[in-house]
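Letter by letter, the sequence shown follows residues 2 to 353 in UniProt numbering.
Where a beta carbon is used, it is the ideal one built from N, C-alpha and C, also for glycine.
These numbers come from a predicted model, not from an experiment.
In what follows, a structure is listed as structure tokens, so that the remarks can point back to it.
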Amino acid sequence: ATAARTSLKVGLIPGDGIGREVIPAAKAALLALGSDIPKPEFVDLLAGFELFTRTGTALPEETIRVLEEECDCALFGAVSSPTRRVAGYSSPIVALRKKLDLYANVRPVVSVAANPEDKPSVDLVVVRENTECLYVKQEELTIGEHGKEARAIRLITERASRRIGQMAFEIALGRPRKHLTIIHKSNVLSTTDGLFRETVRGVPSLPGVNGKYDGVEVAEQIVDSAVYRLFREPQIYDVMVAPNLYGDIISDAAAALVGSLGLVPSVNAGDKFVMGEPVHGSAPDILGQGIANPLASIRSAALMLRHLGYTKGADRIDKAVDEVIREGKVLTPDLGGKSGTKEVVDEVVKRI
Ligand code: ATP
Ligand code: MG
Numbered sequence: 002a003t004a005a006r007t008s009l010k011v012g013l014i015p016g017d018g019i020g021r022e023v024i025p026a027a028k029a030a031l032l033a034l035g036s037d038i039p040k041p042e043f044v045d046l047l048a049g050f051e052l053f054t055r056t057g058t059a060l061p062e063e064t065i066r067v068l069e070e071e072c073d074c075a076l077f078g079a080v081s082s083p084t085r086r087v088a089g090y091s092s093p094i095v096a097l098r099k100k101l102d103l104y105a106n107v108r109p110v111v112s113v114a115a116n117p118e119d120k121p122s123v124d125l126v127v128v129r130e131n132t133e134c135l136y137v138k139q140e141e142l143t144i145g146e147h148g149k150e151a152r153a154i155r156l157i158t159e160r161a162s163r164r165i166g167q168m169a170f171e172i173a174l175g176r177p178r179k180h181l182t183i184i185h186k187s188n189v190l191s192t193t194d195g196l197f198r199e200t201v202r203g204v205p206s207l208p209g210v211n212g213k214y215d216g217v218e219v220a221e222q223i224v225d226s227a228v229y230r231l232f233r234e235p236q237i238y239d240v241m242v243a244p245n246l247y248g249d250i251i252s253d254a255a256a257a258l259v260g261s262l263g264l265v266p267s268v269n270a271g272d273k274f275v276m277g278e279p280v281h282g283s284a285p286d287i288l289g290q291g292i293a294n295p296l297a298s299i300r301s302a303a304l305m306l307r308h309l310g311y312t313k314g315a316d317r318i319d320k321a322v323d324e325v326i327r328e329g330k331v332l333t334p335d336l337g338g339k340s341g342t343k344e345v346v347d348e349v350v351k352r353i
């Protein structure tokens, strides 16, 4: 659906905390691309915990309407998560994923090699199911014979496992190594994780696939051993597909391998819409100091373009970011540098 576009309407949802400091960076990167993408048009949209504390709503109807009716894609900053339950509040990002049916969270984690010709030591993509598992949030607290008892439902469906599996095979097919690892714990949770594993394994034999994924090599791993190996020998991984909770943990763990949360982008993707989102949160500890690393946000814009089929624009942004990291002169403190957000953005934009 990319062919007919003359402009690209991008919803910008900065949200809370440093989200408001890093989303403008992604916007600047898209604007710098010039004619490599359809002319971007931006619309600012509200959401977040702070909005909730001011107005009583974390995700206004208007935000959803504009995204659904007017936007081609969106960029989301961050939302701060209250550590305790707050009456009437639920996370707007979770709600958006549901409303827009963004069933996959895709997070490439790539280290930057010292020389452009060298292979990066970490170059993997975590494909995380985004709609179910423990995050259906059906919890209850009861009083049993020995005191409080808390329970949670973990939902795994064939439909959700199939479509995340299809997305993972599709992504693996588009990469040089074409290797897919299914992450699960079906040795213990044989019903739920068993269904996930069987369903993903079954994707290549679905009707209509016709051998399309024959070139993809499939492996599987128990989640705990996968985390161990991820830290010991990350180079064994190419694409990892996992149910929601394991995927959440693995993608943050993988982010640690490449230095900073401030570097890792993601997209929330469905069949009809894609929303870029840096993996980091609202980082209240560095808020307002002008030192938030904008590179995760900028890379999220590139990843969003990639999912829309604008490979050339995505490549140009990624290349500029890699150069800035490789040179190491203009970096924020989380990467050991002395520069501020604005200087890093200027440096990336100059190179694009
Ligand atoms: P939230 O509740 O929104 O998830 P958090 O306290 O978990 O907030 P994160 O944003 O997840 O904070 O960040 C964890 C740590 O990583 C913090 O110390 C934060 O300062 C650092 N960090 C996260 N993002 C960035 C960034 N873009 N630039 C620099 N440091 C960052
Ligand atoms: Mg966090």
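- For GLU140, the three-state secondary structure derived from DSSP is strand.
- For the 8 Å CB-CB criterion, LEU103 and ASN269 form a contact.
- Every unbroken stretch of the beta strand (DSSP E) spanning 3 or more residues and falling wholly within the region 72 to 109 is given here in chain order: 74 to 79.
- No heavy atom of the ligand ATP is found nearer than 7 Å to the CB of ASN269.
- For ALA48, the closest C-alpha among the options PRO61, LEU31, ALA284, ASP37 is that of PRO61.
- Short note on ASP335: C-beta closer than 7 Å to some heavy atom of the ligand ATP.
- Look at PRO285: its beta carbon is less than 7 Å from one of the heavy atoms in the ligand ATP.
- If you draw a straight line from the Cα of LYS149 to the Cα of SER81, it comes to about 29 Å.
- Three or more Cβ pairs drawn from the region 126 to 135 and the region 104 to 113 lie within less than 8 Å of each other, which places the two stretches in contact.
- In this structure, MET276 lies near ALA75, with their beta-carbon atoms less than 8 Å apart.
- Exposed is the label assigned to VAL189, since fewer than 16 other Cβ atoms lie within 10 Å of its Cβ.
- Ranked by Cα distance from VAL204, the options ARG300, LYS320, SER162, LYS28 are led by SER162.
- Taken from the Cβ of SER187, every heavy atom of the ligand ATP lies 7 Å or farther away.
- Taken in chain order, the complete alpha helix (DSSP H) segments of 4 residues or longer contained in the region 176 to 222 are 193 to 203.
- In this structure THR64 is in contact with LEU46, their Cβ atoms being roughly 4 Å apart against a cut-off of 8 Å.
- The beta-carbon separation of ILE353 and ARG317, rounded to 6 Å, stays under the 8 Å limit for a contact.
- Excluding its 5 nearest sequence neighbours in each direction, GLY216 has C-beta neighbours in its own chain below 8 Å: LEU174, LYS179, listed in chain order.
- Rounded to the nearest whole angstrom, the CA to CA distance from GLY20 to GLU51 is 12 Å.
- Shown here for THR193: same chain residues with a beta carbon closer than 7 Å to its own, the five before and five after excluded, namely ARG155, ILE157 in chain order.
- By the Cβ rule, the region 220 to 237 does not count as touching the region 278 to 298, because fewer than three pairs are nearer than 8 Å.
- Per DSSP, the continuous beta strand (DSSP E) segment holding ASN269 begins and ends at 268 to 270.
- The beta carbon of LEU262 sits closer than 7 Å to at least one heavy atom of the ligand ATP.
- Relative to the Cα of GLU118, the nearest Cα in the group VAL265, ASP323, ALA220 belongs to ASP323.
- Counting C-beta pairs with one atom in each stretch, the region 342 to 351 and the region 324 to 332 have three or more that are closer than 8 Å, which means they touch.
- Counting only the Cα atoms, ILE292 lies some 14 Å from GLY282.
- In summary, LYS28 is buried, with 16 or more beta-carbon neighbours lying within 10 Å of its beta-carbon over all protein chains present.
- Around the C-beta of PRO93, 16 or more other C-beta atoms lie within 10 Å, and the residue is accordingly described as buried.
- Rounded to the nearest angstrom, the gap between the Cα atoms of LEU288 and PHE43 is 24 Å.
- Counting the other Cβ atoms within 10 Å of the Cβ of ARG307 gives 16 or more, which makes it buried.
- The beta carbon of VAL228 sits closer than 8 Å to the beta carbons of ILE250, ILE251, ALA254 from its chain, once the five residues preceding and following it are set aside; these are given in chain order.
- GLY282 has its Cβ nearer than 7 Å to a heavy atom of the ligand ATP.
- In the three-state scheme derived from DSSP, where H, G and I count as helix and E and B as strand, ALA254 is classed as helix.
- Ranked by how close their Cα comes to the Cα of LYS313, the residues ALA33, PRO121, ASP37 have ASP37 in first place.
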